[in-house]
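Inspection log for the structure reproduced underneath, given as structure tokens.
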Ligand code: URA
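In our numbering, the protein residues as written are 1231 to 1397.
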């Protein structure tokens, strides 16, 4: 359905052998223009989040649940998730990361097949078919609610400690 209104397919970008994969919701306007994930304002904050744990953007892989921009950035529909999910599943199967970081409720709920809120999902480690998953706030939400950045930093520190285990 989204193919009719999108400009580019935003498949994902980064290191195909990444130990860490970030998963967001769906491309926004700038991502749709450039064909790359997280290149707008939220993307700039995501880059800072990645660098805060001692990594470079090129070292990780960044993808979204939806590969095409929903018109007007509306919330993805269940049918769209169903259509796009096999791509994300295959990306994760090929990359085999040591850990996945879900950005925001939408990615977290899709990856973990749950309806639990992001506030309840963050703060602990989840399992997705044997791969640990850390859930944190979406950078676009952090831009709107900077008071929550402290919690996101706690999530990132937990992420870093798992990543550094037997590294
Ligand atoms: N928000 C997302 O969830 N993904 C992007 O790629 C950009 C903004």
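In this text, a Cβ means the ideal position worked out from N, Cα and C, and glycines have one as well.
Legend entry - Anticipated Cβ contact below 8 Å, residue 1316 with residue 1256, distance rounded: No, residue 1316 and residue 1256 are not in contact; Cβ-Cβ is about 16 Å, not under 8 Å.
Inset, instruction - Could you tell me the distance, in whole angstroms, from the CA atom of residue 1239 to the CA atom of residue 1394? - result: 33 Å
Inset, instruction - Please find out if some non-hydrogen atom of ligand 1 comes closer than 6 Å to the beta-carbon of residue 1254. - result: yes
Legend entry - Run of the beta strand (DSSP E) containing residue 1233, from where it starts to where it stops: Run containing residue 1233: none; DSSP gives neither H nor E here.
Inset, instruction - Could you spell out where the beta strand (DSSP E) holding residue 1254 opens and where it closes? - result: 1250-1254
Legend entry - Span of the alpha helix (DSSP H) around residue 1369: 1369-1374
Inset, instruction - Figure out for me which residue from 1297, 1247, 1277 and 1381 has the closest Cα to the Cα of residue 1337. - result: 1297
Inset, instruction - Grab the span of the beta strand (DSSP E) containing residue 1305 for me, first residue to last. - result: Looking at the DSSP string, residue 1305 is not in any beta strand (DSSP E), and its letter there is neither H nor E.
Legend entry - Endpoints, the beta strand (DSSP E) within which residue 1291 is located: 1291-1294
Legend entry - Local conformation of residue 1393 per DSSP, three classes: helix
Legend entry - Complete alpha helix (DSSP H) runs within the stretch 1337-1372 (minimum length 4 residues, chain order): 1348-1351
Legend entry - Range of the contiguous alpha helix (DSSP H) that encloses residue 1330: Not the alpha helix (DSSP H): residue 1330 falls in the beta strand (DSSP E), residues 1329-1333.
Legend entry - Straight-line Cα distance separating residue 1377 from residue 1241: 31 Å
Legend entry - Endpoints, alpha helix (DSSP H) assigned at residue 1280: 1271-1282
Legend entry - Beta-carbon proximity list for residue 1352, same chain, < 6 Å, skipping 5 on both sides: 1365, 1366 and 1385
Inset, instruction - Flag this pair as yes or no: are the beta carbons of residue 1362 and residue 1250 separated by less than 7 Å? - result: no
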